[in-house]
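Numbering (the working numbering), first residue to last: 146 to 528. Don't be surprised by glycine CBs; every beta carbon is placed ideally from N, CA and C. Everything numeric in this text was worked out from a predicted model, so none of it was measured. Structure first, commentary second.
This is the structure:
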């Protein structure tokens, strides 16, 4: 169902790419600066509002803020925080979006302690600036980061064979950060965000390995909820809002190509993946935290994701929204390639972004559909 008491100010949301990790060449990324969002935050939030988007995901750049252990320079964040207030935009703030200060060993207990103190300091600042408890994602995509950075050497910390070790410490940090934020700002909401996937074996000999890989998508959420390895500190109350990320390539043949949506025998409808998450974490609020595709299919992809999300809602899933992520097209992490995947193009003209018209028109059409669905939705029990 579309909840009568929504978490967000708009069903359609926008995500500002805010990765700050070191890429495959060990170069520090700052995607907020690379997209000029740090300089155009008010204009960006205002343009989102023009398209009916009043809730966004954005990032707190830890590596710029904690200049030395326990010392915080908020000059990179305050203009954005104040711009959001001025634009009357609701923000879910990512506290760790793949990056951390260079002097911290992400595998160490010190990482957990430093992150908790930093999270508390942010919460304190947010309350001082806004008078409200924040909405945060403590550690973005724990499972994906553990795989990409802990096993595949694709990003920080560029490790091999340490994915589970990294996952455990990221969970410890997320748990500690959640408690720290809540202690400073009672009523704060937290989102745990990770991809949902569907891997299909190419032959029967891969079936067991694929089953384990598919099952691993739930591991970080289960750890946060204390269902797996409770010694990490997780508990059911730590897992608050569940954010699921879903891109065009989140379903694939094992060690092979992405599955086509037209491959009816092997491709699972997105609504089924949503229902899987909702059933596993019953009673929790849920939203689609990231989705996009590059190029001309952008409108078609958003239409598909929206229709599938509304179909899941019609079957009783308590789903609060869909986040267009990223909302600004950008240069790739590891190559100088323009990723045309946003509602807005990268280069501003006279302080404004150029909207990709086909996607903007489809968004407007879907918003009208959304309004109709909301007014007609039956009051059924949530999954």
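Applying the criterion that 16 or more other CB atoms from any shown protein chain within 10 Å of the CB defines a buried residue, is residue 401 buried or exposed?
exposed
Go to residue 336, then tell me how far its beta strand (DSSP E) extends in each direction, as first and last residue.
334-340
DSSP three-state label for residue 254, please.
Under the three-state reduction of DSSP output, residue 254 falls in the helix class.
Alpha helix (DSSP H) containing residue 96: first to last residue?
In the structure as shown, the chain begins at 146 and stops at 528. Residue 96 is therefore absent and cannot be evaluated.
Going by DSSP, what residue range makes up the beta strand (DSSP E) through residue 468?
464-469
Residues near residue 182 by beta carbon distance below 6 Å, same chain, minus five either side
Excluding positions up to five away in sequence, the list reads 161 and 189.
With residue 207 as the anchor, note down where its alpha helix (DSSP H) starts and where it stops.
207-210
Let me confirm a value: residue 395 is counted as buried when at least 16 other C-beta atoms fall within 10 Å, else exposed. Which label applies?
So residue 395 counts as buried.
Report yes if the CB atom of residue 473 is closer than 8 Å to the CB atom of residue 498, and no otherwise.
Result yes, Cβ atoms of residue 473 and residue 498 sit closer than 8 Å.
Does the ligand ADP have even one heavy atom less than 7 Å from the beta-carbon of residue 369?
In the structure shown, the ligand ADP is absent, as is every other ligand, since no ligand is present at all.
Return the chain-ordered list of same chain residues with a C-beta closer than 7 Å to the C-beta of residue 260, the five sequence neighbours on each side being excluded.
241, 318, 321 and 322
What does the Cβ neighbour count give for residue 444, buried or exposed, with the cut at 16 atoms within 10 Å?
Flag for residue 444 reads buried.
Any idea if residue 328 is buried or exposed, counting beta-carbon neighbours within 10 angstroms, 16 or more meaning buried?
It counts as exposed.
Opposing strand residues paired with residue 241 [DSSP bridges]:
284
Quick check: what's the CA-CA separation for residue 512 versus residue 316?
36 Å
Name the one or two DSSP bridge partners that residue 167 has.
173
Distance, residue 344 Cα to residue 529 Cα
This structure leaves residue 529 out entirely; the chain is present only between 146 and 528.
Should residue 491 and residue 180 be called a contact, given that it needs their Cβ atoms to be closer than 8 Å?
yes
Grab me the residues of residue 295's own chain with a C-beta within less than 6 Å of its C-beta, minus the 5 sequence neighbours each way, in chain order.
304, 307, 308 and 311
What number of angstroms, rounded off, separates the C-alpha of residue 390 from the C-alpha of residue 325?
Taking C-alpha positions only, residue 390 is separated from residue 325 by approximately 26 Å.
Verify whether the separation of the beta carbon atoms of residue 437 and residue 362 is less than 8 Å.
A distance of 8 Å or more separates the beta carbons of residue 437 and residue 362.
Should the region 458-469 be regarded as contacting the region 272-287, the criterion being three or more beta carbon pairs within less than 8 Å?
no
Report all residues from its chain with a CB closer than 7 Å to the CB of residue 379; omit the five preceding and five following residues, and keep chain order.
316, 320, 368, 369, 370 and 371
Cβ shell of residue 425 (< 8 Å), same chain only, five flanking positions each side left out:
The beta carbon of residue 425 sits closer than 8 Å to those of 363 and 366, all from its chain and outside the five residues before and after it, given in chain order.
Roughly how many angstroms separate the alpha carbons of residue 271 and residue 334, rounded to a whole number?
Rounded to the nearest whole angstrom, the CA to CA distance from residue 271 to residue 334 is 13 Å.
Alpha carbon to alpha carbon, how far is residue 347 from residue 239? Give it in angstroms, no decimals.
37 Å
Proximal residues to residue 374 (C-beta, below 6 Å), its chain only, five neighbours per side dropped
The answer, listed in chain order, is 368.
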